[in-house]
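Structure, as structure tokens:
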Amino acid sequence: MKDRKIIVLSILLSIAGVGFLFFEADNTVPIKPRGPLAPYVGSYVSVEGVVSRKLESKGNLFLVIKGDHEVEIPLFYGLKECLSQVPELGDWVYAQGILSSVKQEYLRQYWPHFFLDIEKCDHIEILPCDYDSLPRATYYTVNEAGSVLQVNGKVTAMLPNGVAVGDLELETTLSPKIGDMVEGFVLIVEDHGKISNIPLKLTIHEADITPLSKVQHEGTPYLIQGTVKSVKSYYKGILLEVDDGTATKCVYSTNGLDVFPNDTITARGLYRQYYHQTVLYVPSSAPIGVQRTRGPDNDIVLEKGKKVVVMATVDDIYFKGNHQILKLDAPFGIIQAHIYATEKKDLLKRGKDATSLKTGCTILVCLEIITDCKLPDAKIIDFELWEIQIIK
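Counting in our numbering, the sequence shown runs from 1 upward without gaps.
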């Protein structure tokens, strides 16, 4: 009987001891490491910082937080599922657990040498962000994950979810356009081995219209405005010759446009080489604004090589060889206007069939002067049908 009492007492004391140990373990105050982490391996510590790297594999989530120290935090399936909010890239996280060293064979490139073994869901918490305490990056590279990079440049391209500023692809809801200046900061992060970034604070400064005489530097985005001098179908887009009084430049748009000489356009694009010439390249994501100011030129100079826009009536149509010739009655007199094969093909690409021109119709026509003799010759670059008169 006495032995039985001793056994029961021992069991009770053991249970009490284990309970005390669990109580003490649960109330252990974690150490906040100072200086190198190596001396703290095996200790119960707390760290906090921004989630800078992320990798998900077989239902397990591996994160890196960077603050005063850089530590990997593995969230295995069971632990991850019990979290009320799973940390994401850019979140500021506080965590506590046993600090361990990553074995060399499991060490990922650029990832830290230490990881935190977390036992309970409430040992990891998302806090308000403290980005000002993070280091500043000089270059946009994956090894700088967790650092803040200053952005100061012009938008060079529109992307499906944002814009490109130099080497940066920024996701933003601010809707900047090509040529606008973007200033601010982004957080560099690594997402499954690839560099990415999270905008922290961005300011957009709208671009000013640049005179065409100052559109000079290849690879630079510009916002321009000018008068269309000529229009030509070109590969998979349209080539415009544009003048603003300071210079004449070529503008290439990947979109088809309802545009005619003497219209005013506003365009944003990248000044670059395209098929052996330098153009302001306007992608489909940057529509060109067209102000329909089409009409005849006020001052007409009939010099060889000049392009003029006139209102004329078709007096006669005949053929010479295999090309069409229109005898036009213009304000300055009669002119012979040729539609050569190259221009005919170009006009057809833009839905303009020269065979639709009939004797008696009035057209707004863009001509390039070939000769400046008494009865000048010209070739038709573009035309628009204005009025048809029935000739009996």
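Glycine included, every Cβ here is placed at the ideal spot set by N, Cα and C.
Does the distance from the CB of Cys121 to the CB of Trp92 come in under 8 Å?
Not a contact, by the Cβ cut-off of 8 Å.
Here's the rule I'm using: 16 or more other beta-carbon atoms within 10 Å means buried, otherwise exposed. How should Leu170 be labelled?
Result: buried.
With a cut-off of 8 Å, do at least 3 Cβ pairs link the region 303–320 to the region 366–377?
Look at the beta carbons and you see the region 303–320 touching the region 366–377: at least three pairs across the two are nearer than 8 Å.
Taking 8 Å as the limit between beta carbons, can you name the residues of its chain near Pro287, skipping five residues before and five after?
If the five residues before and after Pro287 are omitted, its C-beta is found closer than 8 Å to the C-beta atoms of Asn255, all from its own chain and listed in chain order.
Quick check on the DSSP output: what are the complete alpha helix (DSSP H) runs of length 4 or more inside the region 39–70, in order along the chain?
For the region 39–70, not a single whole alpha helix (DSSP H) run of length 4 or above is found.
With a cut-off of 8 Å on the beta carbons, I'd call Asp117 and Ser100 a contact; round off their distance for me.
Indeed, because the Cβ distance is near 6 Å, the residues count as touching under 8 Å.
Counterpart residues of Ile198 in DSSP-defined beta bridges
Beta-bridge partners assigned by DSSP to Ile198: Leu187.
For Arg53, count neighbouring C-beta atoms within 10 Å of its own C-beta (all shown protein chains included) and say buried if the count is 16 or more, exposed if not.
Buried, because 16 or more other Cβ atoms sit within 10 Å of the Cβ of Arg53.
Start-to-end residues for the alpha helix (DSSP H) that takes in Ala207
For Ala207, no alpha helix (DSSP H) segment is defined, and its DSSP state is neither H nor E.
Would you identify the three-state DSSP class for Lys358, choosing helix, strand or coil?
Looking at Lys358 - three-state DSSP - the assignment turns out to be coil, as it is neither helix nor strand.
Inter-stretch contact at 8 Å, needing at least 3 Cβ pairs: the region 203–221 / the region 232–239
They do not touch, by the three-pair rule.
DSSP three-state call for Leu375: helix, strand or coil?
Coil.
From this set, Thr172, Asp191, Ser43, which residue's C-alpha is nearest Phe185's C-alpha?
Measuring from the Cα of Phe185, the nearest candidate turns out to be Thr172.
Tell me the DSSP secondary structure of Ile380 in three-state form.
Strand.
Identify, in the order they occur along the chain, each residue of the same chain with its Cβ nearer than 7 Å to the Cβ of Gln324, setting aside the five sequence neighbours on each side.
Hits under 7 Å: Ile317, Ile339, Ala354.
Under DSSP, the alpha helix (DSSP H) around Tyr234 begins and ends at which residues?
Where Tyr234 is concerned, there is no enclosing alpha helix (DSSP H), although the beta strand (DSSP E) it sits in stretches over 221–234.
Sequence-distant residues of the same chain with beta carbon closer than 6 Å to Lys48, five excluded per side:
Residue identity differs from the one stated: residue 48 is Glu in this sequence, not Lys. Cβ-Cβ distances below 6 Å link Glu48 to Gly67, Tyr94 in the same chain, with the five nearest sequence neighbours on each side left out; the list follows chain order.
Which ranges would you report for the beta strand (DSSP E) in the region 126–180 if only whole runs of at least 3 residues count?
List check, beta strand (DSSP E) in window: 148–159, 162–165, 168–171.
Check whether the region 283–301 touches the region 246–266, taking contact to mean three or more Cβ pairs, one atom from each stretch, closer than 8 Å.
Taking a cut-off of 8 Å for Cβ pairs, the region 283–301 and the region 246–266 touch, as three or more such pairs fall below it.
Count Cβ pairs between the region 221–229 and the region 188–203 that sit closer than 8 Å; are there 3 or more?
Here the region 221–229 does not lie against the region 188–203, with fewer than 3 beta-carbon pairs under 8 Å apart.
Along the chain, where does the alpha helix (DSSP H) that runs through Cys250 open and close?
Not the alpha helix (DSSP H): Cys250 falls in the beta strand (DSSP E), residues 248–253.
With DSSP as the reference, label Leu347 as helix, strand or coil.
Residue state, collapsed to three classes: helix.
Buried versus exposed call for Arg34 [16 or more other C-beta atoms within 10 Å across all chains shown]:
Around the beta-carbon of Arg34, fewer than 16 other beta-carbon atoms lie within 10 Å, marking it exposed.
Classify Tyr110 as helix, strand or coil using the three-state DSSP reduction.
Coil.
What do you get for Tyr281, buried or exposed, if any count of 16 or more other CB atoms within 10 angstroms of its CB means buried?
Classification for Tyr281: buried.
Lys327, DSSP secondary structure in three states:
Residue state, collapsed to three classes: strand.
If we count the other Cβ atoms within 10 Å of its Cβ and call it buried at 16 or more, is Thr210 buried or exposed?
It counts as buried.
State buried or exposed for Thr156, treating a residue as buried only when at least 16 other CB atoms are found within 10 Å of its CB.
Under this definition Thr156 is a buried residue.
Using a Cβ-Cβ cutoff of less than 7 Å, which residues in the same chain neighbour Tyr274 once the five nearest sequence positions on both sides are dropped?
Tyr252, Tyr281, listed in sequence order.
According to DSSP, simplified to helix, strand and coil, what is Asp117?
Under the three-state reduction of DSSP output, Asp117 falls in the strand class.
With Tyr106 and Asn143 assumed to form a contact (beta carbons below 8 Å), what rounded beta-carbon distance in angstroms separates them?
Separation of the CB atoms of Tyr106 and Asn143 is rounded to 19 Å, and the pair is thereby denied contact status at 8 Å.
Since Gly193 is in the alpha helix (DSSP H), which residue starts that stretch and which ends it?
Per DSSP, Gly193 belongs to no alpha helix (DSSP H) and is neither H nor E.
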